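These notes concern the structure reproduced below.
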Amino acid sequence: MTVIDTEVSPVADLETPLKFAYWVPNVSGGLVVSTIEQRTSWDFDYNKKLARIAEDAGFEYALSQTRYAASYGADKQHEATSFTLGLLGATERLKIIAAVHPGMWHPGVLAKWLITADHISNGRAAVNIVSGWLKDEFVKFGLPWLEHDERYVRTEEFISILRGLLTEDGYSFDGKHYQISDFTLSPKPLDVPGRAHPEIFFGGNSTAAQAAAGRTADWYFSNGRSLEGFQENIAGVVAAAESGGRTAPQKPRFGINGFVIARDTENEAVETLREIIAKAHRPAVEGFAAAVKEAGQSTKDGKGMWEDSTFEDLVQYNDGFRTGLIGTPEQIAERIIAFKKIGVNLVLTAYLHFQEEVEAFGRDVLPIVRELEADLARANGTELNTELLPQVAAPAAV
Ligand SMILES: Cc1cc2nc3c(=O)[nH]c(=O)nc-3n(C[C@H](O)[C@H](O)[C@H](O)COP(=O)(O)O)c2cc1C
Numbered sequence: 004m005t006v007i008d009t010e011v012s013p014v015a016d017l018e019t020p021l022k023f024a025y026w027v028p029n030v031s032g033g034l035v036v037s038t039i040e041q042r043t044s045w046d047f048d049y050n051k052k053l054a055r056i057a058e059d060a061g062f063e064y065a066l067s068q069t070r071y072a073a074s075y076g077a078d079k080q081h082e083a084t085s086f087t088l089g090l091l092g093a094t095e096r097l098k099i100i101a102a103v104h105p106g107m108w109h110p111g112v113l114a115k116w117l118i119t120a121d122h123i124s125n126g127r128a129a130v131n132i133v134s135g136w137l138k139d140e141f142v143k144f145g146l147p148w149l150e151h152d153e154r155y156v157r158t159e160e161f162i163s164i165l166r167g168l169l170t171e172d173g174y175s176f177d178g179k180h181y182q183i184s185d186f187t188l189s190p191k192p193l194d195v196p197g198r199a200h201p202e203i204f205f206g207g208n209s210t211a212a213q214a215a216a217g218r219t220a221d222w223y224f225s226n227g228r229s230l231e232g233f234q235e236n237i238a239g240v241v242a243a244a245e246s247g248g249r250t251a252p253q254k255p256r257f258g259i260n261g262f263v264i265a266r267d268t269e270n271e272a273v274e275t276l277r278e279i280i281a282k283a284h285r286p287a288v289e290g291f292a293a294a295v296k297e298a299g300q301s302t303k304d305g306k307g308m309w310e311d312s313t314f315e316d317l318v319q320y321n322d323g324f325r326t327g328l329i330g331t332p333e334q335i336a337e338r339i340i341a342f343k344k345i346g347v348n349l350v351l352t353a354y355l356h357f358q359e360e361v362e363a364f365g366r367d368v369l370p371i372v373r374e375l376e377a378d379l380a381r382a383n384g385t386e387l388n389t390e391l392l393p394q395v396a397a398p399a400a401v
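Count the sequence shown with the working numbering and you get residues 4 to 401, in order.
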């Protein structure tokens, strides 16, 4: 096995093993808007079993989705924070990230929820702060719908307050969107080595999103991107972090979304992608394409999520095909290493048939990734810290 010959970015962390997450399918319809068979389900029992499979397979995180109204064929949705809590109760090692919209929550209420979830789960709860794009959800709830960049002004204040309330006593904040005076939350989160407080993720692609995440978030998540595209996002986030004076260990880390189609041959994988797109649910994808104009396309510089997504891209509503995790296990592992070399720390994955493919990913792709990561570290004069690898279940005896 050889390590792909692309340059290693100064942002890349070659000692720390990559982390893997999967999208919690807590909304109906699967992760592609297509009538192709998807052996998955949005119900809790399916998800409980999936979470247990994932933690045994070597996944460290699961990310829930927050959705209140039907869109892109997701006609039914389970609420993200309660679903997260249920999954935390059903697992032992997996960290579960609850997606939350600032426009729907008060940061103090979320901080309180997060601390309780952290205690219940022995330090495994996290949040993904998302600024939203589905205008109807807000307007029909009678909530203000802020213009694009203003949503990120609010999000940045929201995260500052969240962190302040998680870590300080007598916390005050006087901002444009929130005022907090002399507030102390008790108890505080658990004292877990390696983190200052439960982790705060941030999802967004636009220039405003990169700036806000760089200044405040622990983790920056982007939609599916090419290597070159994600290099641009990383540069934007790093510049904002530096301008905000953030240095290690407060520097943000990077997660990329990708839809995985791992098959025995490249041809089979490509054929599956072709079938997904050929069977796309056209009206749902077109409706989604119209709604997401509230995201990237509505920004001043026109940069951001879904800014140039084609019909084919939008069949996976998080642009997951663009990341290129489609092929044999070896090809996918090599592609993942290429992302590690530009600075990716975490790969967020989705599948057609979640339970079986998460298990297969752990069995077929992860061992190759670990081998390549070790090679990459050695080739650059360092070692992969294998003590940081997640515990995986021993294969069943035959
Ligand atoms: C990993 C990830 C997860 C996201 N999860 C959600 C979600 O659960 N609900 C939601 O409304 N938006 C979600 N978003 C979208 C963001 O809310 C935001 O609308 C989108 O990133 C807009 O991008 P922009 O900053 O490029 O305009 C997510 C984005 C990313 C990258």
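Heads up, the beta-carbon is just placed ideally off N, CA and C, and yes, glycines get one too. Bear in mind the structure is a predicted one, so any value in this text is a computation, not a measurement.
Subject >> Cβ shell of residue 286 (< 7 Å), same chain only, five flanking positions each side left out >> reply: As a working mapping, residue 286 is identified with position 283 in the sequence shown. Correct list: empty, nothing qualifies.
Original post:
How should residue 397 be labelled, buried or exposed, when 16 other C-beta atoms within 10 angstroms of its C-beta is the threshold for buried?
Top reply: For this step, residue 397 is matched to residue 394 along the sequence shown. It is exposed - the Cβ of residue 397 has fewer than 16 other Cβ atoms within 10 Å.
**OP:** Give me the Cβ distance between residue 155 and residue 215, rounded to the nearest whole Å; I'm assuming they're in contact under 8 Å.
**Re:** In the sequence shown, counting from the first residue as 1, residue 155 sits at position 152. In the sequence shown, counting from the first residue as 1, residue 215 sits at position 212. Contact flag correct, Cβ pair sits at about 4 Å.
**OP:** Pick helix, strand or coil for residue 241, following the three-state DSSP scheme.
**Re:** Here residue 241 refers to the residue found at position 238 when the sequence shown is read from its first residue. In the structure shown, residue 241 sits in a helix (DSSP, three-state: H, G or I).
Subject >> Distance cut-off 8 Å: residue 422 Cβ against heavy atoms of ligand 1 >> reply: Nothing in the structure corresponds to residue 422, since the chain is present only between 4 and 401.
Subject >> Continuous beta strand (DSSP E) stretch holding residue 260: start and end >> reply: As a position in the sequence shown, residue 260 is number 257, starting the count at 1. Element bounds for residue 260: 256-262.
**OP:** Rank 366, 258, 167 by C-alpha distance to the C-alpha of residue 184 and give the top, closest one.
**Re:** In the sequence shown, the residue the question calls residue 184 occupies position 181. Comparing Cα-Cα distances from residue 184 to each of 366, 258, 167, the minimum goes to 167.
**OP:** Please work out which residues of its chain come closer than 6 Å, Cβ to Cβ, to residue 392, disregarding the five sequence neighbours upstream and downstream, and give them in chain order.
**Re:** Taking the sequence shown and counting its residues from 1, the one referred to as residue 392 is at position 389. Only 20 meet the Cβ criterion.
Original post:
Would DSSP call residue 110 helix, strand or coil?
Top reply: Your numbering for residue 110 matches position 107 in the sequence shown. The answer is helix: DSSP assigns residue 110 an H, G or I state.
Original post:
Touch check for the stretch 146-155 and the stretch 232-244: three-plus C-beta pairs under 8 Å?
Top reply: no
**OP:** Starting from the Cα of residue 67, find the closest Cα among 272, 271, 206, 333 and give me that residue.
**Re:** By one-based count along the sequence shown, residue 67 stands at place 64. Taking residue 67 as reference, the option from 272, 271, 206, 333 with the minimal CA-CA separation is 206.
**OP:** Note the first and the last residue of the continuous alpha helix (DSSP H) segment covering residue 52.
**Re:** The residue labelled residue 52 in the question sits at position 49 within the sequence shown. If you look at residue 52, you'll find it in the alpha helix (DSSP H) that goes 47-60.
Subject >> Separation of residue 268 from residue 86, as counted between CA atoms >> reply: Sequence index remark: in the sequence shown, residue 86 carries index 83 (1-based). Sequence index remark: in the sequence shown, residue 268 carries index 265 (1-based). Cα to Cα, residue 86 sits roughly 36 Å from residue 268.
Original post:
DSSP on residue 280, reduced to helix/strand/coil?
Top reply: One-based indexing of the sequence shown puts residue 280 at position 277. Three-state result, residue 280: helix.
Original post:
Does DSSP classify residue 352 as helix, strand or coil?
Top reply: Here the question's residue 352 lines up with position 349 in the sequence shown. Residue 352: strand per DSSP, three-state reduction.
Original post:
Can the beta-carbon of residue 63 be found closer than 9 Å to that of residue 94?
Top reply: As a first step, residue 63 is located in the sequence shown; it is residue number 60 there, counting from the start. As a first step, residue 94 is located in the sequence shown; it is residue number 91 there, counting from the start. Not closer than 9 Å, so no.
Original post:
When you compare only the Cα positions, how much space is there between residue 137 and residue 296?
Top reply: Counting from one through the sequence shown, the residue named residue 137 turns up at place 134. Counting from one through the sequence shown, the residue named residue 296 turns up at place 293. Cα to Cα, the separation comes out at about 9 Å.
Original post:
Thinking C-beta only, is residue 103 closer than 9 Å to residue 69?
Top reply: Your numbering for residue 69 matches position 66 in the sequence shown. Your numbering for residue 103 matches position 100 in the sequence shown. Contact: yes.
**OP:** Over the uninterrupted alpha helix (DSSP H) stretch that includes residue 339, give me the two end residues.
**Re:** Working through the sequence shown from its first residue, we reach residue 339 at position 336. Its alpha helix (DSSP H) spans residues 332-345.
Original post:
Quick one: what's got a C-beta closer than 6 Å to residue 244's C-beta in the same chain, skipping five residues either side?
Top reply: Reading the sequence shown from its first residue, position 241 is the one you call residue 244. Excluding residues within five positions, the ones whose Cβ falls inside 6 Å are 217, 254, 255.
**OP:** With a cut-off of 8 Å on the beta carbons, I'd call residue 114 and residue 91 a contact; round off their distance for me.
**Re:** Taking the first residue of the sequence shown as position 1, residue 114 is located at position 111. Taking the first residue of the sequence shown as position 1, residue 91 is located at position 88. Between residue 114 and residue 91, the beta carbon gap of about 17 Å keeps them out of contact (Cβ cut-off 8 Å).
Subject >> Residue burial classification, residue 246 (beta-carbon count within 10 angstroms, cutoff 16) >> reply: Within the sequence shown, the letter at position 243 stands for residue 246. Residue 246 should be labelled exposed.
Original post:
For the alpha helix (DSSP H) that residue 367 lies in, which residues bound it at each end?
Top reply: Indexing the sequence shown from 1 puts residue 367 at position 364. From DSSP, residue 367 is part of no alpha helix (DSSP H); its letter is neither H nor E.
Subject >> Where the beta strand (DSSP E) through residue 133 begins and ends >> reply: Within the sequence shown, numbered from 1, the residue matching residue 133 stands at position 130. Unbroken beta strand (DSSP E) run through residue 133: 128-133.
Original post:
Among the residues of its own chain, which have a CB less than 6 Å from the CB of residue 273, if the five just before and after it don't count?
Top reply: Numbered from 1 along the sequence shown, position 270 holds the residue referred to as residue 273. Within the same chain, residue 273 has no close Cβ partners at all.
Subject >> Anticipated Cβ contact below 8 Å, residue 74 with residue 291, distance rounded >> reply: Residue numbering aside, residue 74 sits at position 71 when the sequence shown is read from its first letter. Residue numbering aside, residue 291 sits at position 288 when the sequence shown is read from its first letter. About 6 Å; that satisfies the 8 Å criterion.
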